[in-house]
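What follows is a short report on a single structure.
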Amino acid sequence: MKKFSMILLTASITLAFSACGGKKDDASGGDKDGHKGGDMKSHKRGGDEDFNKPDLEEKDLSSAGEAFKGWFAKGPKEADVMGDLGGVRIATKKVRGPNSFDLAWAFKKPDFTEMKANIAKGDEVGKSKTTYTVDTAEALEWTTEYEHGKSMHFSITFEVSGQVVNCYTMPMGVKNAERFAFLKETCKSIVKK
Numbered sequence: 257m258k259k260f261s262m263i264l265l266t267a268s269i270t271l272a273f274s275a276c277g278g279k280k281d282d283a284s285g286g287d288k289d290g291h292k293g294g295d296m297k298s299h300k301r302g303g304d305e306d307f308n309k310p311d312l313e314e315k316d317l318s319s320a321g322e323a324f325k326g327w328f329a330k331g332p333k334e335a336d337v338m339g340d341l342g343g344v345r346i347a348t349k350k351v352r353g354p355n356s357f358d359l360a361w362a363f364k365k366p367d368f369t370e371m372k373a374n375i376a377k378g379d380e381v382g383k384s385k386t387t388y389t390v391d392t393a394e395a396l397e398w399t400t401e402y403e404h405g406k407s408m409h410f411s412i413t414f415e416v417s418g419q420v421v422n423c424y425t426m427p428m429g430v431k432n433a434e435r436f437a438f439l440k441e442t443c444k445s446i447v448k449k
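Just so you know, we're using our numbering here: the sequence shown kicks off at 257 and counts up by one.
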């Protein structure tokens, strides 16, 4: 039995060392050809640093509920219209990546004071830092910096056909400045017909 155990131990050690073969070029790893896998410091987190501006078409918002019957807004052809916490959201299946789109509207003006208090609580818990770039009665724009990057957010209120409309980014925000500007511009595409 001892002989069998020793053979098994030797085989296990040999297999373990052979599986770990290959030249490593530095402490961050890599295979024998120098391909690196898990360098987390250079990894693009969130995946929307790149931006491909989509072609937009008019979307019927009525599938989000009775309040949105007769309302339309622009979004990519492949994006879906869905209800979102009392509002309406147009989003592609993937909400991160160069071809993603994710934007929402609601028919009420948010309480920006309460929103800022909640953002401050989030900063405390998430060890992040938020800087407000626009802080008016009609609009709030901010950038949140965290350990692995930053995200930009907005909540903009305006009136369309006598209806108060709030357009906003989703909580995860946007990482690309060009995408951020494009989404803000697209906010104004909402119309009543």
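Even glycine gets a Cβ: it sits at the ideal position worked out from N, Cα and C.
Bear in mind that the values here come from a model prediction, so they are computed numbers and not experimental data.
Nearest residue (CA-CA) to G326, options M426, E403, S417: Counting from one through the sequence shown, the residue named residue 326 turns up at place 70. Comparing Cα-Cα distances from G326 to each of M426, E403, S417, the minimum goes to S417.
Entirely enclosed alpha helix (DSSP H) segments - the region 353 to 385, minimum 4 residues: As far as the region 353 to 385 is concerned, its whole alpha helix (DSSP H) runs of at least 4 residues are 368 to 382.
Which residues DSSP lists as bridging N422, in chain order: For this step, residue 422 is matched to residue 166 along the sequence shown. In DSSP, N422 forms a bridge with A362, T413.
Beta-bridge partners of R435, as assigned by DSSP: Counting from 1 along the sequence shown, the entry for residue 435 is found at position 179. As DSSP reads the structure, R435 sits in no beta bridge.
Nearest neighbour of T413, chosen from S407, K406, V421 [CA to CA]: Position 157 of the sequence shown, counted from the first residue, corresponds to residue 413. It is V421.
Whole beta strand (DSSP E) elements within the region 318 to 349, 3-residue minimum: 327 to 332, 336 to 340, 343 to 347
Cβ of E415 within 8 Å of any chain C Cβ: Note that chain C does not occur in the displayed structure, where there is just one protein chain.
For L341 and T442, believed in contact at Cβ under 8 Å, the rounded distance: Counting from one through the sequence shown, the residue named residue 442 turns up at place 186. Counting from one through the sequence shown, the residue named residue 341 turns up at place 85. So it is not a contact: roughly 19 Å between Cβ atoms.
7 Å CB neighbourhood of P310 in its chain, flanking five on each side removed: Numbered from its first residue, the sequence shown carries residue 310 at position 54. The residues are P332, N355, F357.
Backbone CA spacing between G302 and C423 [nearest angstrom]: Taking the sequence shown and counting its residues from 1, the one referred to as residue 302 is at position 46. Taking the sequence shown and counting its residues from 1, the one referred to as residue 423 is at position 167. The predicted position of G302 is uncertain, since its pLDDT is 46 and thus under 50; no value can be drawn from it.
Own chain, CB closer than 6 Å to R345, minus 5 neighbours either side, in chain order: Walking along the sequence shown from the start, residue 345 turns up at place 89. For R345, where only same-chain residues beyond five positions count, the Cβ hits under 6 Å are M338, A360.
Cβ-Cβ separation, S407 to G378 (assumed contact under 8 Å), whole Å: As a position in the sequence shown, residue 378 is number 122, starting the count at 1. As a position in the sequence shown, residue 407 is number 151, starting the count at 1. Contact between G378 and S407 does not hold, since the beta-carbon distance rounds to 12 Å and is not under 8 Å.
CB of T389 within 8 Å of CB of W398, strictly: Residue numbering aside, residue 389 sits at position 133 when the sequence shown is read from its first letter. Residue numbering aside, residue 398 sits at position 142 when the sequence shown is read from its first letter. Yes, Cβ-Cβ distance for T389 and W398 is below 8 Å.
Whole-angstrom distance between R352 and A323, CA atom to CA atom: By one-based count along the sequence shown, residue 323 stands at place 67. By one-based count along the sequence shown, residue 352 stands at place 96. Looking at the two C-alpha atoms, the distance is approximately 28 Å.
Length of the line joining the Cα atoms of G343 and S319: If you number the sequence shown from 1, residue 343 lands on position 87. If you number the sequence shown from 1, residue 319 lands on position 63. Straight-line Cα distance between these residues: approximately 11 Å.
For S445, the residue or residues it bridges with in DSSP: Within the sequence shown, numbered from 1, the residue matching residue 445 stands at position 189. In DSSP, S445 forms no bridge with anything.
Buried or exposed (CB count within 10 angstroms, at least 16 for buried), H409: Here residue 409 corresponds to residue number 153 of the sequence shown, with the count starting at 1. Flag for H409 reads buried.
Residue closest to K315, alpha-carbon to alpha-carbon, out of T348, N308, F363: As a working note, residue 315 is residue 59 in the sequence shown. Comparing Cα positions, the closest option is T348.
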